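Notes to accompany the following structure.
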Amino acid sequence: MDRFLSVTISGLSGGMIYAAVALSLVLIWRATRVVNFAQGAMAMFTTYLAFTVLEHGGSYWVAFPIALLTGLVLGAFVERVLVRPVENGPPLNAVVVTLGVFIFLQGLAGLLFGGRFRSFPAPFSNKNYNLGNVSTVSPFEIFIVLSVALVAALLFALFQYTDVGLRMRAAAFSGEVARMLGVRVGRMLTLGWALAAVAGSLAGILVAPSVFLHPNNMDGVFVFGFTAAVIGGLDSPVGAIVGGLGLGVLLSYVASYAGGDLQTLSALAVLVFILMVKPNGLFSTTATRRV
Amino acid sequence: MTTAAPAALRISDLTVRFGGLVALDDVGLHVSPGEVVGIIGPNGAGKTTLFNVVCGFVRPTSGRLEVQGKEQRKLRPHQLAGLGIARTLQGLGLFPHISCLENVMVGAHRHARAGFASALLGLPRSDNDERALRERALALMDELGVAHVAGRLPGSLPYPLQKRVALARALVADPQVLLLDEPASGLSNAEMDELGELIRGLRGRMAVMLVEHHMDLVMAVCDRIVVLDFGKVIATGTPAEVRTDERVLAAYLGDEVDATDETISDAVDV
Amino acid sequence: GGGSGSGDGGDKGDGASANVPGITATTVTIGAHYPLTGPAAPGYSEIGPAAEAMYKYINENGGVNGRSIEFKYKDDGYNPANTVDVVKQLVLQDKVFAIVGGLGTPTHSKVTNYLNNQRVPDLFVASGARLWDQPDKHPYTTGWQPDYLIEGKILGKYVKDNFAGKKVGYLYQNDDFGKDGVEGLDSQLDAASVVDKQPYETSQLSQPTGIAPQLSALKAKGAEVVVTFTIPAATAVALLTNAKIGYKPQMVVTNVGSDPTTLTGLLGKFSKGAVGAQLLDGIISDSYLPLTSDAADPWISLFKKVHDKYIPNLPFDGNVEYGMAQAITFAQVLNGAGKNPTRQSLMESLEKGGFKGPGVTPLRFSKDSHAGFTGVRITKLDGKGGARFLQEAQVTTDEPSGAIENAPSDAQGKPGDDPFTK
Amino acid sequence: MADKPVEELAHADLADGNNVQATTPSPVVGPSLSRRGPLQYTLVRHLGLAVLGGLALLLLTSSVSAYRDFQIANVGYYVVAVAGLTVLTGLNGQISLGHGALMMVGAYTAALLLQREDPLPVTLVLVLCVVTAAAVGALVGAAAARLRGPYLAGATLAFAVGLPGLTSHYSGRLGGDNGLSVSTGPPPESLGFDFPGERWQAWITLSAALITLLLLANLSTSRVGRTFRAVRDDEVSAELAGIHVARTQVLAFVVSAACAGLAGGLLAVVSGQATPGAFSVALSLSILAGAVLGGLGSLAGAVYGAVALVALPSFSSSTSDRFDLGTDVKSNLPLLVYGALLVVVMLAAPQGLQGGVRRLLGLFKGRTPSPVRNDSGTDVSVSTPER
Amino acid sequence: MRSMSERGASLEVVDLVTTYGAVQALNGVSISVPAGSITAVLGANGAGKSSLLRSLSGLVKPKSGKVLVDGQDVFGMAPEDVVQRGMSQVPEGRGVIAELTVDENLRLGGLWRSDKADRAKAVEEAYALFPPLDQRRKRLAMTLSGGERQMLALGRALVARPRVLLLDEPSLGLAPRITAQIMGLVRRLCDETGLTVLLVEQNARSALSVADHGVVLNLGTVVASDDPATLAADDNLRHAYLGF
Ligand SMILES: Nc1ncnc2c1ncn2[C@@H]1O[C@H](COP(=O)(O)OP(=O)(O)OP(=O)(O)O)[C@@H](O)[C@H]1O
Ligand SMILES: Nc1ncnc2c1ncn2[C@@H]1O[C@H](COP(=O)(O)OP(=O)(O)OP(=O)(O)O)[C@@H](O)[C@H]1O
Ligand SMILES: [Mg+2]
Ligand SMILES: [Mg+2]
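In the order they appear, the protein sequences are chains A, B, C, D and E.
The opening residue of the first sequence carries number 105 in our numbering; numbering runs sequentially from there.
The opening residue of the second sequence carries number 53 in our numbering; numbering runs sequentially from there.
The opening residue of the third sequence carries number 48 in our numbering; numbering runs sequentially from there.
The opening residue of the fourth sequence carries number 20 in our numbering; numbering runs sequentially from there.
The opening residue of the fifth sequence carries number 41 in our numbering; numbering runs sequentially from there.
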């Protein structure tokens, strides 16, 4: 029972990271209908920038907003300068561009910061509280959960209840119609990428204490974040959170009760199962009219 | 309704609900072979939905569908061609990235014989097949006056030509039942007249179901008209009967019918 | 500048050096493959530069028999398909004399056949798998570091002797590295004392949950001693997870995963205050090279000098030491291959054996053995990034039943024994 | 019309909408109607081209160094994989990030068969690679047929990540992380004693590539190819025309998976191994990049893409080798350059390299982006939004 | 329906040229629409009517010419800027955003305006105008019937409270009674609020019946420009371009 509980809890806190990555992918998807394969690498890069601040004696609470801010700028830059020119081309061009950015950033990070593992601090203790003799969560995990939930809630509200959110969605679904209605589509796309990159950077800085910092440290997290986003339904921020948490718990159970080698296979199995039942993810709207 | 030859298409007690919305409410109608039947009604009356049921895109909540006298329970759209049913869409539905000729050839696929293996190996059997399809498609395009644009992409053509290509794609399959969803939208009056001619030419060759908002066309080509309103059949009859039906006038036509007879100078003073 | 030999495999007989690939009047060109980028790169990417730095140092001291050593190492990203590519490039295009220190079991095992068919010396594969010691099948391939089975045996014996009566658990990587280690441990420990064996996947290390499930299980089983065959990142994750869940077993960690500098780096900033190098205090491990924290050791001061001169930006850690020590061994073998070395004479020199360098256990190359080091010396880490040797170096054989004996005390050489390490 | 087949090769398989021919009003009547004699047969035309190509390659492989032959051998299996993917993605509109895993199926099939005491002949082994990968492709394709756009991407990505996990679960049979070694023996003795093995390998993969291109060219000029394209362009209309959409999508997946399987088998033969590390997600992604770089939907583009996949990394690493740089820079510069090149090519040639070639050929024809009306009545050029 | 302060604006098009690559769609078109009036643009398919509207609204970059809204040049402006100058377009073939709800589509129409209260009011007015939309507020636009989508597109353009309205075949797919209503509505808006309308119609008859002025396009050139009665009476014109 102890074990089940602690496995569940660590799955949930890990899942929160996937949720943050998923969230960033969902945002970009909603904002520009592009899957950003560079998301993980962008997060890795901004985490390195935070790391540099720490190296130079900066405090965590300076480095943290710097990571998010540079994420914002990097997201906007990548959209504006690299993705924009291919946005109107075949959809896969944008995918290849993001792949290129992904490889480029990994190379750049290795070049600037070296390839070796770096430790990255957590702002709060990572020692679990004990409940009786059950070891539960650590303050840092609580911080993870709260910060991701906060960002998710803010973004959800932004999309669902604000005019800017409506504009962003309109711009994503049909750029030309949106422009005709006075929406500055270019700005919306940039804004979408920028916000998404913030969510991604958050994931990067939160996961770094667990997986260390190195140019590839987000690869695995990205893949499962993407899986989580697809499970939840790419159009749904709530789905991203649910997908992320669900996947985190599942992976934790599998590693604990079935063996780590089955983790990826079980993620695949769950993904396929869910998509067979709901081809557009758990939280998709099903009412589609084809004719 | 008891005829010796089975109806090309018969629908009875058909109901379709979308959530709380009743799109079709206990609808019954039939189309005899060679007959042109018009379906009219206000926007949202359920005309396209009716077509969608016939095509298997929408599963009816209840009701019965018969094609050539045989009941179809689990109809899937891709079976239509085999059943001899062809349809044009309310939009265009052309394949944008292949030429018009190839668009039409796709419609003719049910006549193809060669299989995957001969295609893969590039056997003469496949070549002959292609040639036959191409000839058939070109012949029909010629008939509809679009053979000269065969090599172009649909998107580069004026709208009416695209509509004709779409029609050619439906006709090339030699259907027994043809469903036309607003074929005249976006056409000028002259083009509409040509379309009318064309549809009249189909009478006797196949059963046609026509959804249209252009009354001149509907009145001119239909043998019979079914009027839908809020998913219910509110009238059936010859054009002459329908044109004067009180309920139809109120629900649908307004004073349009009279307007067709008006001269422009009259209209300007409205 | 590369060799001038035209055909491949043109090194039959004792022909003049001019016909030997990779050899000119003034240079010897050798090659290697490492993961310089990608997930496997951290740590391992330092080995190539370190070896290169040592070769540069050797060249500055006049090289080997008047020839300077040119070292071409390429990135294979730990992808075996790339390994085949870069090794072919080294052999066919760069015409290297030998491959020295190619890294990785899954990677290098895919080129041994090729290299042996081409009769390219394939020395010092950087992997503790047992594959490299097959002189009959692969006469041109040799290992260097002690294999994991040997290491497991010596660690196992130590645990048995010093923690008698305690419950032991294993944490091991689910591949040849971990499994060989476990085989060695099992040959020494009583089955009854081992309460749990937990394999982990390297892919888990890149996930936020890490290997917490495995450690929770070990904790639940009440293991008081945890022996790990883990790479450094996994060791660090294990130590942090233990701190997180309040689990305090005696840790016994393989040499591969216990480099104090690397671990201190990994744990350093981990969490405010609480943890860091002190998590390492009391860890039992082993080594076959001098301890990098032992500044008094003459080898270490040589390595440090070379490090500071050529690769000051890299951390001075076990990987750097590894690359430099290998370079010295190669220079010794090359030295023994004569004034006009051929691929054949290089292998003969190797099989003559008798090399004494930085290693604290003997290198026992011979006609029948291509294994290299066959023993290790138990160490204990302190909480300040250092370590010390606990007992005499021990050697043993590949057979699980082979006895564990103390190594001869004169196994280690001194810098300056060779002209090129002055 | 004598130059027609050549043009056909250049435009490979008349692949896609935005090719020059389709927007030019003139050639209404397809090739085989206007041709007389043997050239009216697809097989004759394509076979002729394949033979010409084969001869050219024979010359090429015989005149370069062994390492170049090895690189050409690599290009050979990439051509097979990229061409297969371009049929799936370019012609049928399904994206796959899982082709690396399908290649792995082929590679392990080859490795297991070649490991036996008395191994089967390589040709037969490769055929069996095709068969097993096609079978797996049928399964994946059946699942994929229900999915669209990014959902398909996600599912196939999970497949690419998940499948290698099997090797450590069945490490006894599949060799775990170390995978399996494959030895295919030396070139046949009839070629002479010191015939370079690399050239022999190049011949094997290039023959396979030519056969693959031949068959795929046949397929895509046929009715089946048109069916693929129709489904890609508009599923609803395709269904109405009597096409079983799901079945078509599965078929496309099977064809594509078969190619991937063959490519994987060839990879195993060329690099002598089947290892999970060789079939990472990165491989899947680079095959996709190859298809897009070359020009989606075009077989000639697949060739360019495959060449780019081998040449770009090699170019970027030899470029950075040329400078004396610090260690971190030296190791990472190739990666950085490769990434930058991907972006630059995409920005400079949105239609891929094949698009660039077409543009050069059609320089004087004044090609314009063709507007296409989509469902909501707005004009979009070239791309319809993913659904 | 609207405050008198937002008077309609005149629209002046001078010598507009638009090309698509090699295709010349507009060949120097000049049209002048006085504030508060309706001008019908007629012509066969492919005459360039839609191209004219798209060039005015900025969806297509015209090559040369002048476009004056109330004397202000909006030539070459991006569509989002043109909207803010008070000129809105109802695109040909509906142009609703299928993935958004009816309500979101309507709200989008007014988003660029700062007057929040009036925005909400305008949306409610659109619902009042098109009751089928009112019953489907929360439905995704993709579930609407063809005619319902056309209503949505029109309603959305009105929510912007434009001063100049560009209508591209508004009757497409609408039932005859609705068509008549819409024509009536457009007329009323002009008369009551001074809205200026450029109306493209296939259905020349019904367009001319509400217009103050008619322009006939052919191959991108204005071939006739006169009052509706004169145009309708010209047999040559009718046969050659108007098709009735
Ligand atoms: N998939 C669906 N989900 C929800 N409602 C739907 C769906 N399909 C149709 N409807 C509704 O059903 C009603 C009938 O739609 P249908 O398209 O059949 O109308 P129609 O008669 O073709 O109208 P029009 O003449 O405007 O094309 C409409 O109110 C429409 O909103
Ligand atoms: N995006 C485009 N690219 C190339 N040519 C185009 C494009 N849009 C329109 N055309 C061409 O420009 C000419 C004018 O087209 P336009 O759509 O403006 O005509 P229209 O009068 O609106 O016709 P319709 O009555 O069919 O709507 C036509 O020949 C058309 O084929
Ligand atoms: Mg309809
Ligand atoms: Mg138009």
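Built from N, CA and C at the ideal position, the CB exists for glycine as well.
For clarity, every value in this text was computed on a predicted model and none was experimentally measured.
Taking its Cβ as the centre, do 16 or more other Cβ atoms sit within 10 Å of residue i, making it buried, or is it exposed?
{"i": "TRP297/A", "result": "buried"}
{"i": "PHE89/D", "result": "buried"}
{"i": "THR339/C", "result": "buried"}
{"i": "GLN251/C", "result": "buried"}
{"i": "TRP165/A", "result": "exposed"}
{"i": "GLY28/C", "result": "Chain C is shown from 48 up to 469; residue 28/C falls before or after that span and cannot be answered."}
For residue i versus residue j, is the C-beta distance shorter than 8 Å?
{"i": "GLU230/C", "j": "LEU196/C", "result": "yes"}
{"i": "GLY432/C", "j": "PRO307/C", "result": "yes"}
{"i": "LEU139/C", "j": "SER81/D", "result": "no"}
{"i": "ASP183/C", "j": "GLY190/C", "result": "no"}
{"i": "LYS89/E", "j": "LEU257/E", "result": "yes"}
{"i": "GLU99/C", "j": "TYR120/C", "result": "yes"}
{"i": "PHE171/C", "j": "GLN373/C", "result": "yes"}
Could you have a look at residue i and say whether DSSP puts it in helix, strand or coil?
{"i": "PRO96/C", "result": "helix"}
{"i": "MET298/C", "result": "strand"}
{"i": "PHE206/A", "result": "helix"}
{"i": "SER128/E", "result": "strand"}
{"i": "SER278/A", "result": "coil"}
{"i": "THR188/C", "result": "strand"}
{"i": "THR408/C", "result": "coil"}
{"i": "PHE420/C", "result": "strand"}
{"i": "SER50/E", "result": "coil"}
{"i": "LEU209/B", "result": "coil"}
{"i": "VAL395/A", "result": "coil"}
Which one or two residues does DSSP pair with residue i in a beta bridge?
{"i": "HIS265/B", "result": "Answer by DSSP bridge pairing: none, since HIS265/B is not bridged."}
{"i": "GLY289/B", "result": "ILE277/B"}
{"i": "GLU243/B", "result": "None, per the DSSP bridge assignment."}
{"i": "HIS82/B", "result": "ARG62/B"}
{"i": "LYS244/C", "result": "TYR217/C"}
{"i": "ASN234/A", "result": "SER239/A"}
{"i": "LEU67/E", "result": "Looking at the sequence provided, one finds Asn at residue 67/E rather than Leu. VAL57/E."}
{"i": "TYR281/E", "result": "Answer is none; TYR281/E lacks a bridge partner."}
{"i": "GLU452/C", "result": "VAL442/C"}
{"i": "THR426/C", "result": "SER332/C, PHE436/C"}
(Q) Across the region 133-140 of chain B and the region 167-181 of chain E, are there enough close Cβ pairs to call them in contact, namely three or more that are closer than 8 Å? (A) Taking a cut-off of 8 Å for Cβ pairs, the region 133-140 of chain B and the region 167-181 of chain E do not touch, as fewer than three such pairs fall below it.
Q.
Would you call the region 313-328 of chain D in contact with the region 174-186 of chain A, where contact means no fewer than 3 C-beta pairs closer than 8 Å?
A. No, the region 313-328 of chain D is not in contact with the region 174-186 of chain A.
Q: Give a yes or no on contact between the region 139-148 of chain C and the region 160-170 of chain C, applying the rule of three or more CB pairs nearer than 8 Å.
A: When Cβ pairs closer than 8 Å are counted between the two stretches, the region 139-148 of chain C is seen to touch the region 160-170 of chain C, the count reaching three or more.
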